[in-house]
Every structure is written in structure tokens, then in C-alpha cells.
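Structure record follows, encoded as C-alpha cells.
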């Protein structure tokens, strides 16, 4: 696909950018991947392989909230002129270079940022940070709630009352206790 210059892949639940994509689309200039699931700055490292990349957009991805997001893209992709539909300024280029290159502290920050790739490799298992906590099995209503449900069923006078009670229970709420008269 050497003639492809723009790739629009917004709203597709994409979580990683394939490491082989630069070889498959070597002349890519525009990558719009808004509203996907790209999480970490390290997931954007592959952008450095695109030699003619000019515009990128990752708005709506969790990675946009990461510290130094714009600076990381500017550092990794010196040819990029527009990030998230905002021009890259010369000051940003200078700041990104100072932040990620030069001192030992900058090298450590760059290494830490690059190491946080969330790419899944078959056979590796699920990373501990990505593992979801086990959900507690549903035990049903408490004895008090069960009593209130029984009382509501017994006091239902019509099919409309039964239908209303069913909708209420399907919605996850339990009938309120009857007030003593």
C-alpha cells in the first residue's frame, strides 16, 4: 500500500498500533486515530518508524491524558507538524528535546516512558495492571429485601401493579418498606 497517504481509523476500539504498519504503509502522512483505546505513551513508539508522518490525532484516547503526551510524540516523530489538530510550535520542539534527551535524568524519563507499552504478545499472559479484579458473585436479596418484595407482590391489586413491580425489580431497585399506619 505504498500509495496510501492518509489513514482514518477513528472510533474503532484500537488499543495498539502494529509494529509492522510502517513497513506496510511506508508513505503515511496523516494518521487520525481519535476515540480509540490507546493507553500508554510507549504504544506510540511505532510512530517514529513513519519517516514522512506530518499529522496525527489521538483525541479521545486515554493516552492523551498522560503527562508529556505531546512532547513524547514531538520527540519520537520530528517530522510531525500537527498533533490533535494543533500546530507544533518551535518552542515545543525545543522543550521536548530538552525533556527526553541530554541529561541522565532525561534518558531515564525517556526509558520509563518507552517501557510502558501495553502491547499483548500471545503466550505472555495478562499483565497484573490489566487484570480485572474478581467480581463477587451475586448473592441475591438480603432477608429484609426479600421480605419487602414478598409484601409488594402480596399487595399487588392489578396486573399494572405487577408490571410496575417487575420493571422496578428489573431496574435493580427493591420496593420501599410499607409505612405503618
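Residue numbers (my numbering): 59 to 239. For every residue, glycine included, the Cβ atom is placed at its ideal position computed from N, Cα and C.
*Is the number of C-beta pairs between the segment 76 to 88 and the segment 120 to 135 that are closer than 8 Å three or more?*
no
*Name the DSSP beta bridge partners of residue 66, please?*
90
*asked:* So if DSSP puts residue 144 in a beta bridge, which residue, or which two residues, is it bridged to?
replied: 141
_Three or more C-beta pairs below 8 Å linking the segment 113 to 123 and the segment 145 to 154_ = no
*Exposed or buried, residue 210, counting other C-beta atoms within 10 Å across all chains shown (16 or more means buried)?*
buried
_Output needed for residue 143: all residues of its chain with C-beta closer than 7 Å, excluding positions within five of it in sequence on either side, in chain order._
115
*Among 88, 217, 106 and 231, which has the Cα closest to the Cα of residue 203?*
231
_If you measure between the beta carbons of residue 137 and residue 118, is that distance less than 9 Å?_
no
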